[in-house]
Structures are given as structure tokens and as C-alpha cells.
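As C-alpha cells, the structure follows; a few thoughts come after it.
2 protein chains.
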Amino acid sequence: MELGASIVEEEVVRFKVWAPLKKSVSVLFPSRRTGEKLVLQQDRWGYFEGSEESVSGAERYLYLLDGERALPDPASRFQPDGVHGPSLVVDPDSFLWEDDAWIGITLENFIIYEIHVGAFTEGGTFDAVIGRLGYLRDLGVTAIELMPVAQFSGTRNWGYDGVYPFAPQASYGGPDGLKRLINACHSRGVAVVLDVVYNHLGPEGNYLASFAPYFTDRYKTPWGDAINFDGPYSDEVRRYFIDNALYWLSEFHVDALRLDAIQGIYDCGARHFLKELAEAVHSLGRALGRNVYVMAESDLNDVRVIDPPEAGGYGLDAQWNDDFHHALHALVTGETTAYYGDFGKLRHVSKALSQGFVYTGEYSTYRKRRHGGPSKGRPSRQFIVFSQNHDQVGNRMARPSRTQSLEQLKLAAGVVLLSPYIPLLFMGEEYGEEAPFNYFVSFSDEALVKEVRKGRAAELALFGRAENAPDPGAEATFLDSKIGVRGHRSAWQNRLYHFYRALIDMRREFSDPNGPADEHMKIRKFEGQGALLVKRRSSRGSLSCLYNFGARRVSVRLTLPEGRWVRVLDSSSKEWGGPGELSQDTIEWTGKEVKITLTAFGLVLYRGDRP
Amino acid sequence: MELGASIVEEEVVRFKVWAPLKKSVSVLFPSRRTGEKLVLQQDRWGYFEGSEESVSGAERYLYLLDGERALPDPASRFQPDGVHGPSLVVDPDSFLWEDDAWIGITLENFIIYEIHVGAFTEGGTFDAVIGRLGYLRDLGVTAIELMPVAQFSGTRNWGYDGVYPFAPQASYGGPDGLKRLINACHSRGVAVVLDVVYNHLGPEGNYLASFAPYFTDRYKTPWGDAINFDGPYSDEVRRYFIDNALYWLSEFHVDALRLDAIQGIYDCGARHFLKELAEAVHSLGRALGRNVYVMAESDLNDVRVIDPPEAGGYGLDAQWNDDFHHALHALVTGETTAYYGDFGKLRHVSKALSQGFVYTGEYSTYRKRRHGGPSKGRPSRQFIVFSQNHDQVGNRMARPSRTQSLEQLKLAAGVVLLSPYIPLLFMGEEYGEEAPFNYFVSFSDEALVKEVRKGRAAELALFGRAENAPDPGAEATFLDSKIGVRGHRSAWQNRLYHFYRALIDMRREFSDPNGPADEHMKIRKFEGQGALLVKRRSSRGSLSCLYNFGARRVSVRLTLPEGRWVRVLDSSSKEWGGPGELSQDTIEWTGKEVKITLTAFGLVLYRGDRP
């Protein structure tokens, strides 16, 4: 990376910072008693640059702007003393990587496990996550996704208030801690997805605007000023964020980036920022000989995001499919608050499974307008689906494990994990973790905390959950969200965990990495029964999945394709804590209809012997 | 059109207005003494509708919203008493069209003449324009383009302050006047392009926001609130503007729409408004059996606007190419103020001629960022070019005829009219009209006029022309802008006029309507001489155009393709008011280089006898 402090040779550090509207920029070294400073020279694009000898690999520095204000580096690699303190020079080559042989995993093999570093373990650090990798390997996931780790104010935050996009959170263990974690992941064959926020910066410690026109008031985001991706000076703003993406791939060996809420990335220019970003990432991936991906959270329901450039798209590799979640959650729970009011029918889940988006141009009552465009035909590996994630769990103030039955939890897990899409689990869902995932912050600015309280209450009010909401600023709110620290698992939790394992095993065994699964998928709706039959075929065999989304037992009559069908999973089995299965063990093809009975919220899987 | 007042059968009028957040809407008839009103019924989409019997074909009406405020119809077809007065019921079928046989002209045959209805004639009405159609036919243009005619406040306005998108300006002659004009155009084989403004509404008499969420504060435009094309309730806003487009085509027989500044149309949804608009227009055109087009003014330099939908584009038919203008103007005049600073080199004109946009991703000093994307490969009929238009003439406070020599004017005209693109002339440029095209308004709100004065001064300051700017609010400012009212033309003006005619004849004779001209165009730059050679081939022969952009005589050496080359035009000829030609009459192909001499700003055309 060219920006920030770079060790160009032993004990020589080059500083480079963009400040096009400043007259002078110097580097201050607060730990030196002499008060000496390094005066930087400006180039025609507004970058100030200069080199200093005799800088140790871990020296603190600040930039002095126009002789007036000393601020940390916008491209700081480490903020050991927090968002207001000086930046630290980091030697990117000092870490000894052991993943030379790692080339990543291919997109269709991602099974993602989303982690909040602070809440995932008692320790709440990158290193503490390493201790759980064995557990995750056993579970069968192939990738962890870290909620944003860019330095934020304080020690408790979901991560979306980061203000130093290049500096891994000090309280999590800083850059070396993150490298140790990724190194350990790769040594266990686990890929790492990093959540990055390119639509806004957090409210406290955000000094970027003092350096340059990083922000614009031409567009609004719910989180503050939009980032200037298309106005005057935007070339260098774009470069800053694209460099950030490349930095995580090259200096941290990250395998994929998950871009937060790209509907907040406004670019009306002829070369969309996301397209340039994807091109840069893919080009670096080719140079590094590794599989690297850009995944996006998007509520646009627009395949332009994932369409290839030749079809006018941005060329991102995959995107979250919130519609899938909403359709599944509303159908399984019957919930109708807020955006769930747009969902709740069998056809919504059926469409999500077969086409990707549910809203492909239809009128959305919640949005008060037609929403989305067609997504049919995109490969299934381009959609990331889930029945839980940090937002959905966070917004409910309670885990699904506290509000849904074991049968409902198993059904939702099955629909996600047996879908042709890339599944994502939220930490703890695999064993029915009961700790909530609260919203927490630890700004030092009390006025800000007050504002967050207010904003949070408004968000929860959408779901009728504003009362008794925990205080986002209280430490207990964070501590209550830690998982796996409440003693042993109960019997039903163990059963759920083993059910998840079985589903993941089934997915891994059945998946056909040679082709998009949806090409060979057929769906049949049993409207009267509230049940779905999903037939998938791959070179490894055929799978017929029957889902009952209702709270009562139903029987469906269907004709299976030729062959012998063996039941390989029934969620109603006592083994999984169910009431006992009602479906047949095996079905010999006779050309006639068979009747299969499903218990409430039951899921039954048959495997055929012919591909 | 379903919106507004529609005569559904004799003396029965249906009223339909969208007001989704209102509890009640009634229709008032101010001319009736009884004070009776018609109470409308709301449907689920927020439309209020109802029918009234015994309404004469020309009755005035207002909508009473929630019993509180009586306002004119947002879809009013006619505002006889101005923007604050009642709307008038108009019978669209009462006009007797005589253009049954008219099917329009094809895109590549457009030669557009831009007109401001108020300033084009002494009368300043639609009917007065009719009296000039013979003149325009003789000139050779194939289409007129009317600056916006939607009802604005007062009687003097460029048109971009319109507030009733469906109501032709009353002081121009209202709907019947416009129909008479278009009918007359078609009877003379002239197509009509209408400038429509879908990026904002004017400041005075803009009551739309009182009816419904037509506007949004999510985006900013330089002209006020952006229109709500993608937020809650946007479906019906989109429908309103799409209906407007279709209305001009069906009720007024307009041949093409010119969309004002589409960079101010913000739509981040999955189905861009412009794409839907183009689809709707083309579909209506097919149904009507007429050639209809959507052209856009765009400063995005993004071919997404004109790319076909299958390539991810919006599918508009053509767009203005401002780069062409700036490149040509800066090179011919040497001007470097404001955006001209990005242009001024021979290579800019050469690129504009061969590729469309000049800025296709390069850094623009004026914009302080890289600008645009590649446009190579788009058919040449998709770009509309000009050396003058209302904006460019208006912003200079003087016509090019006052600041440039006759030789410069002829050169610019030649580059535009002999280009492979669709040429557009601004009224009067063909004879070197000397009246300025001032900026004028006639708002009744004096505070508004003050604001306009300020804004206008800022705009002119960009070009160092703020001093002595005429008062936009004064009637004289408008009257001074009227053309063709200053007595007879001088000799040089007549020569220029005949030169334009000759160029247009040449263009019409040479153009190959069977193929995009650019496929067969070759350009050679003579950097040292500041000259360009543009070779074009069509089934009708070959044309070699030599342009000297410098203020001194130059000679170029070149090899022409095999054949006999006849000089068909030399701008230096005394016939055109030039100093006398220096080029050869004919060139017999010998395989050797020939030397051709061009006078200052000279333009010479040779025609080859082989296609």
C-alpha cells in the first residue's frame, strides 16, 4: 500500500497522505522529546509525501495540517491508543505467514459463519477466535465472516462505526492479532470473509473530512454524510477505498470482502465505483493466484450488482439475499411486522428458492413502491442466504431460539443449508444460543450515546420491541451478547447442533461443484398443505426435500422420478428431538403417486440412486 | 391520458387526480354560481376519481384538497389564466389533424433546428412559427426542436421553469396552438422534437407537492428538489411523467422528446426510470406505426443512457454530445474559461468526431475528477451535435456572430453539418443572427426574480461575463433576444445563410441512410498544421473534408484514395465571403501525395467518384 506510513528500507519510513486543499502537512512524532517534525512535499494530485530515517518499526505519529491541527493518519494501520490517539508505524513484512500453499476456496464451496469478534468469545479478541476454529471445522463451515474490525471508538461496537478503515481494532488485538487469526484459519482450510464499510464512516474520531473532500452532501445515507464517489476530487477518494480493499487481500490474506449496504454507495458517474472495485480485486486475485471475492449486502434487488460487466453489471461475485430471509422467517413464524408484511406466503419462499429475489418488480407495501428487478438466471452461487444474521437477530432483541420451537429452527436451517445458494450462519445459531445479540456502542462522547439510544429505539419500534430495550451504551448490554459463556448446552441444543452438522454434511456431500445447482432444481408447491417439494439433481445423485411450513401434520401426494428413494433425514426423528417420523424409510419407484406425511414444521429428505 | 379531466362521453367529464395522503378531494367549478362541487372517490393507489355530467368542453375547474385548499390540476391540459388560475377542460378530439399519412422520419435523417417559441418570431406564438416553416424547409432542416412549452409563470421564460408538464404555455397559444403548429410541420414533412423537463419543476406555481410526494430531499439538483423516482410512492410519480411523454406523442403527434439534463433524474432502483420511459415510448410508437424517439441531454458521458437494454443500457435513442461542442468551440475560438479549459486541442475535435465523447475516463481539470466512459462503437446517429444551442449562446451573452469571424462561423458549421452525427442548429445561427439569447423570466414573485438575478450572475461569472448582464426580469431582456426583427440581413449574413444551405444539401445528398456513417469514417490529424482530414464513404460516393482550425494559411500533403476528386465546396470562396480559394479544383489520382492549401479557418470538401 502506498498510502500511510510505509517502511521503504530499514529504519526509513515514507509517509504519504492526501490533503489536496492544505498548504502544508508535516509529520509529528509525539514520543520524541525534541519536537522535530518531517515536512512533506505536495504533488499535483494533492498527496503530501516525504521520508524519515531512523524511524523504528513501532513509532507513533500524527499529521500536522497547515500548522494548526495534529491528527492521526486516515490510512493508519494501527491506532493503539484508540481513535483520537496517534497512529503507529507498522511493518507489514514482520508477520511470518504460514499459508503459502493456500489458494482459497471457490465461491460455490463457501459455507459462511458470521462472527462478532468481541461477542464470540469470553476474551473477545482475534486470538480468542483461534481457539474456536477446531469447533467450527467440526461443524463443517468453510469460511468465517468477521463483522467489521476497522478501528472504532471505544472497545464495544458492532463495527459499523469504524473510522480507520485500514486499522484493525486495537482492543481485538490490532493488525498482528488479525493476521494470526487469518493465518490460523488458512492452516485449517477455513477462508476468511471481512465485512467492510464503504458507505459511511462512524461518528466519533472521524477526521477524514479535515484532510480532504471524502464526503459529499449531494446524497443522504441513514448513517451520515455519503462518501464522495463521484464529485470533484472523487478519484482519490475512490482510490482510498479501493486501496483499502486490496490492502486486506494482500497484507492480511483475506479471501473475500463483504461490502456493507451498498445502496448507500452513491455513484452516478460513468464508471461505477463498485465495478472498479471488483475489477481491482479480481485483478489482484489473479496476480496473487488466489480465489478472492467481493460480496455485497444490497437491498436494491438489482442484478446489476452481480451481472458481469459485459452485461452492464458491476461484476461483483455474490450478494446477500435479504428477500430469502424475510420470506423464510415470515412463513415459519407468521410474523407480519415491518418488512415482513411483504412476505409470509408459500410462493415467496418458493420464488426465493427458484429465482433469487422475491421482489422482482412487484409492489411492496412496506416500501410503498414497486421493488427490484428480475434475478432469474443468475447462478445460485451469487446469492448468500441465511435464516439469521447480526441484523436480524439484533433487531429482534431475542434469538430465534427464544421465540421459535426446535422444529421451526430445524426447518429454517434445512431450507437455508439445503438451498442451492451460499449459506451463512450467525454465530451460535447452530446450537440455539439463547444470548441476545444486542446493539452496543462505547463512544466517549455522551451526547452521541444519547443519540444512538434514540435511533436504536426507533429501529426497534418498527418491530414493536422498543420497550425494555437494553441501553446500547451500557457494558452489560455487550456482555449479555457474548455467546457460549453460559455454561453447558442443554439436550435440545445438542440435538440442534448435530442436526446442523448433518445438514452441512449433506450439503457438502451432495453439492456439485461443477455446476450451478439451480440448473437442476425443480420446485413444487402444495398450497393447500403449506408444503414445498424441492428436487435437486447433481452428478452425485438426486435429492428430494420436503418442507412443511405449517404448525400441523400434513400429507402430500407426489410422484418421484424413477429409481429407489432412501430417506436420509427427517427432522421429526427422535434423534433430533422431534416427535417421531411419519415418513417412509424408502420408496421404490412404481410409477404411482406416493403419500408422504410430515409433522408440524417437518423436513424430510429423500435421496435417489440415479443422478 | 387517464389523468386529469377526460371527456368520456358527450358532456360527461371524468376527473382523476393522485393524492394518496389526502382524505378528500372534490372538483370545484369556479364559473358556476351555485358553488356545487363534485366529490371524488379514492382508490387503493391514492387516485381520486369521479365523473360530472353537463360539463362543457371548456369549463374551468380546481381541486379542493381536504376541504382546505383549491388548486389547479397537476395534469392540467391548459392553464388559460396562468399558473395560479384554474385548469380548463380540453377535448383532445376536437382538433382536426391532417397528418394521417405522417409516419415520422428516421433517426439518421434528423437535422434539428432549435427554437424558442417566444423569441423566434415577433408574435412569439406557436402560430407565428408556422409562418416560418417555409423558410425552414428551404434551409433544409428536417425537424424543429421546441424549447420547453409546459406552462410557466408569466409570459417570458426559457421554459425550464414549467410547472404544468401537460399544459402548453397559454401565451404561446395553448394546446390548440401547439397542435396547429405540429400539424403544419407534418404537412411540410418537418418532424417536431419537444424539450421536456423531468428533473425538476419551476419555482412559481408549483403545487404538485401539495397533492402528493412528487419530490424528494434524498438527492439534490441545481434547480431545486429532485423528483421522487425511487422512494416511497414513486410508482405513481413515474407514471405521471411517463404518461406525460406518451401524451405528447399521442395527443400532439410529437415525433421525439428531448429530455432536459438527465443527470438530474436520480433513480437508484433496479428499473431505471429512463429505461421504462424509453420502453413505453417505443411501444407506443410501434402501436401508432410512427417513428418516435427519446433523445437526452446528459452530462454524464455514459453510454448506459443509449446502450440497448440487453447491454444493461436505458435504451434511449440518442443523446446530446456536449463534448463535441466544447472541443469545437475551444479549438476554433481559443477560449479557455470554465469547462473550455478541458478542451482546445486538435485531438479533442478528432476524438469527438471519431468516438463521440472526448472524456471517456480521462481526468477533467474543470470537474476535478476523471470523467466519462468509453463511447466508441455506438452508432453515430445516437449523438446530437451542435456549435450553438440555447445554453451555449445564452451563457456567452453574445452570439458567436458577434465574436467570431465569418470564416470561423463557416468552419464550425461545416464540422457540425458534415459530421456523421445528428446536427442541431440554434435559431438564427444559419444567417449569423446578432441578437443575443438572453436569460429571461417573468415571475410575479419579486423575491424569486431577485434570486434568479443572483443565480444568473454566478453562472455568467464562470465565463467572466457577469458585468453588465441584462436583468433577467426586464421585458427588454426578452425583447432583445427576439430574432429576425432587426431589419434586412447584411451581405455576409446572406452568404453565411447560403453556405449553411449548401452544407445541408451536401449532407442530405451524401448521407447514407442505410448505415451508420462512422463505420466508414477515417480521420487524419495534421498536428503541426492544426488541420484535420475526415474521409467518409457511403454508397453515394466518397467525401474528403479538410478543416484548418488555425488563424493562418496552411498546406497539407496527403494521398487520396484512387479515383477522381472534385472540389465541391471551399469556404474560402468569394461566393461565401471568403478571401478566395487556394485549393485545386480537381485532383486526379496518381498515387502520389498532393498538396492542398487552406486559408485561415478554411474548409475544403472533395468528392470522389467511387463509393
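Chains A and B supply the protein sequences, listed in that same order.
Per this note's numbering, the first sequence starts with residue 29, numbered consecutively.
Per this note's numbering, the second sequence starts with residue 29, numbered consecutively.
Every residue, glycine too, gets a C-beta built ideally from N, C-alpha and C.
From a predicted model like this one, the values you see are computed outputs, not experimental measurements.
For E307/B, the uninterrupted alpha helix (DSSP H) segment begins and ends at 301-316. DSSP links L174/A through a beta bridge to I143/A, L222/A. Measuring C-alpha to C-alpha distances from A273/A to each of D370/A, G313/A, V582/A identifies G313/A as the nearest. In the structure shown, F280/A falls within a helical segment according to DSSP collapsed to helix, strand and coil. Under the 8 angstroms criterion on CB atoms, N496/B is classed as non-interfacial with respect to chain A. The residues L222, V282, in chain order, have a CB closer than 6 angstroms to that of W276/B in the same chain once the five nearest residues on each side in sequence are set aside.
Here Y91/B carries a strand assignment [DSSP, helix/strand/coil].
Interface flag for A298/B against chain A is set, since a Cβ pair is found closer than 8 angstroms.
Within chain A, R395, K396, R397 have C-beta atoms less than 9 angstroms from the C-beta of P260/B, given in sequence order. Segment contact: the stretch 187-197 of chain B against the stretch 232-245 of chain B, three or more CB-CB distances shorter than 8 angstroms; contact assigned. Each of G146/A, G606/A, V218/A, L328/A was checked against the Cα of G162/A, and the nearest Cα belongs to V218/A. C-alpha of G619/A to C-alpha of D637/A: approximately 16 angstroms in a straight line. Counting only residues of its own chain and dropping the five nearest sequence neighbours on each side, I270/B has a CB closer than 6 angstroms to the CB of L305, A308. Contact check for D263/B and R398/A: beta-carbon distance about 5 angstroms, within the 8 angstroms limit, so the pair qualifies. Taken through DSSP and simplified to helix, strand or coil, M549/B comes out as strand. Chain A places a beta carbon closer than 8 angstroms to that of K248/B, counting this residue as a contact. In this chain, W520/A is not harboured by any beta strand (DSSP E); it is covered by the alpha helix (DSSP H) spanning 519-538. Secondary structure of N137/B (DSSP, three-state): helix.
Beyond the five residues adjoining it in sequence on each side, T149/B comes within less than 6 angstroms, by CB distance, of A156 in the same chain, given in chain order. Under the three-state reduction of DSSP, D271/B is assigned to helix. Exclusion of the five residues before and after P114/A leaves P58, R88, Y89, L90, P100 as the residues of its chain whose Cβ lies within less than 7 angstroms of its Cβ. With a threshold of 8 angstroms between beta carbons, Q291/A makes contact with chain B. Around G400/B, the beta-carbon contacts reaching into chain A at under 7 angstroms are A298.
Per DSSP, P203/A is one residue of the alpha helix (DSSP H) stretching across 202-215. Across the set W73/A, E142/A, G151/A, the C-alpha of E142/A shows the shortest separation from the C-alpha of I172/A.
R72/B is outside the set of residues whose beta carbon lies under 8 angstroms from a beta carbon in chain A.
For G362/A, the number of other beta carbons within 10 angstroms of its own is below 16, and it is reported as exposed. Exclusion of the five residues before and after Y261/B leaves P48, A240, P241 as the residues of its chain whose Cβ lies within less than 7 angstroms of its Cβ. In this structure, DSSP gives R564/A an extended state, which the three-state scheme calls strand. The beta-carbon of Y391/A is placed less than 8 angstroms from the nearest beta-carbon of chain B. For the stretch 82-104 of chain A, there are no residues whose beta carbon sits under 7 angstroms from a beta carbon of chain B.
Assignment of beta strand (DSSP E) within the stretch 66-120 of chain A, counting only whole runs of 3 or more residues, yields 75-81, 88-93, 97-99 in chain order. By the Cβ-count criterion, Y342/A is buried, with 16 or more other Cβ atoms from all chains shown falling within 10 Å of its own Cβ. In this structure, DSSP gives H516/A a state outside helix and strand, which the three-state scheme calls coil.
The same chain holds no residue with a CB closer than 8 angstroms to that of E338/A once the five nearest residues on each side in sequence are set aside. Straight-line spacing of the CA atoms in S518/B and L453/B works out to 20 angstroms.
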